[in-house]
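Peer 1: Be aware that the sequence shown starts at -9, since it is given in my numbering, and climbs by one per residue.
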Amino acid sequence: MTGEKQGAPLVFLAAVLYSIGGLCIKVIPWNGMSINGGRTAIALVVIGAYLLWTRHPLKWNRWVALGAVSVFGATALFSLANKMTTAANAIVLQFTAPIFVMLFSALFFRKKPRRLDLTACAVVFAGVLFFFVDSLSAGGGLGNLLALLSGISYAGVFLMNELPDGDAISSVFWGDALSALAGLPFLLGETEFSSTAMTSLLVLGVFQVGVSYVLLCIGLRTTPPVTASLLSGIEPVLNPVLVALFYHEAVGPFALAGVVIVVVGVVGYSVLTGLRGSRERTRERIAK
């Protein structure tokens, strides 16, 4: 298997794990910053254990710091946005990330997006919008702005390995540390600590943040940022689908159509990218 073929499934699995957030956050009676602070504090243990197990040195420089700010912004801004606008608005606006990945790649790394990348981005983004066609609202202006900023920060997460002296897993560690510190004052103000809430927080910290970010960092080593950001398109659709399945919230025909569009877009993009890579390798072998 090529590096990209090995990395892409890990990125996809990371997005699937991240999508369980809706299930757990729903049963925790805290504000967004408290939940984000608690889950990232737990995730620090998971990521720290991974660093020790792999003997990966924890790095710090301006590029690692830039990645850490991206991680912090992606989680904290999204948590705040969810309290100020609809969850649908927040998810849709955060998933502008692939567009910003392409924009930043072109501006700062001189990487022109392929036609396939642009087409897949349009299809997947259209599917997400289609999924939330009944629930998008014009209200919550500040929340919508914060959600859009979280999308810009999320784009930075996918570009962590592209930075000159960046180190993705170190950026995630420091970003989660910053999130935990920022959420601590809010967490200290909470009064409800039921077993359901604490179990849900543990699942969020271990799997939805900790394990998912480890998988994402490993996957990003061999998966181009644009590809990774598009593969993550399954998360904003799978999240409310899981909530509907487990909490019996109705899913309308537009939502189901959106699921199909996103899944077909992501799978089709992956297949076409794989075929294109196979043809390029075949041409290289013939040329030799």
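Even glycine gets a Cβ: it sits at the ideal position worked out from N, Cα and C. Here the structure is a predicted model, which is why all the values come from computation and not from measurement.
Considering only residues of the same chain and omitting the five flanking positions on each side of residue 5, which have a CB-CB separation below 7 angstroms?
Peer 2: Excluding sequence neighbours, residue 5 sits near 221, 222, 224 and 225.
Peer 1: Excluding sequence positions up to five away, which residues of its chain have a Cβ less than 6 angstroms from the Cβ of residue 139?
Peer 2: Once the five neighbours on either side are set aside, the close Cβ partners of residue 139 are 67.
Peer 1: With a CB to CB cut of under 6 angstroms and the five nearest residues on each side skipped, what residues in its chain are close to residue 0?
Peer 2: Answer for residue 0: 205, 208 and 209, listed in chain order.
Peer 1: Can we say the stretch 190 to 206 touches the stretch 30 to 37, given the rule of at least three CB pairs closer than 8 angstroms?
Peer 2: Contact between the stretch 190 to 206 and the stretch 30 to 37 is present, because at least three Cβ pairs lie under 8 angstroms.
Peer 1: Report yes if the CB atom of residue 72 is closer than 8 angstroms to the CB atom of residue 22, and no otherwise.
Peer 2: Cβ distance < 8 angstroms, so residue 72 and residue 22 count as in contact.
Peer 1: Buried or exposed: which applies to residue 188, given that a residue is buried once 16 or more other Cβ atoms fall within 10 Å of its Cβ?
Peer 2: Residue 188 comes out exposed.
Peer 1: Report the residue from 84, 85, 100 and 50 whose alpha carbon sits nearest the alpha carbon of residue 164.
Peer 2: Residue 164 has its Cα closest to that of 50, out of 84, 85, 100 and 50.
Peer 1: Please look up how many angstroms separate the CB atoms of residue 43 and residue 154, rounded, as I've assumed it's under 8 angstroms.
Peer 2: That belief does not hold up - the Cβ atoms of residue 43 and residue 154 are roughly 27 angstroms apart, past 8 angstroms.
Peer 1: Using CA atoms only, rank isn't needed, just tell me which of 70, 92 and 111 is closest to residue 252.
Peer 2: If we check each option's Cα against that of residue 252, 111 comes out closest.
Peer 1: Which residue's Cα is closest to the Cα of residue 262: 107, 26 and 231?
Peer 2: Of the candidates 107, 26 and 231, the one whose C-alpha sits nearest the C-alpha of residue 262 is 107.
Peer 1: Using the three-state DSSP reduction, which class does residue 149 fall into: helix, strand or coil?
Peer 2: DSSP places residue 149 in coil when its eight states are reduced to three.
Peer 1: In chain order, what residues of the same chain have a beta carbon less than 6 angstroms from the beta carbon of residue 203, not counting five sequence neighbours either side?
Peer 2: So the list reads 162, once near-sequence residues are dropped.
Peer 1: Would you kindly report the start and end of the unbroken alpha helix (DSSP H) that includes residue 184?
Peer 2: Taken as a continuous stretch (DSSP letters only), residue 184 belongs to no alpha helix (DSSP H), as it is neither H nor E.
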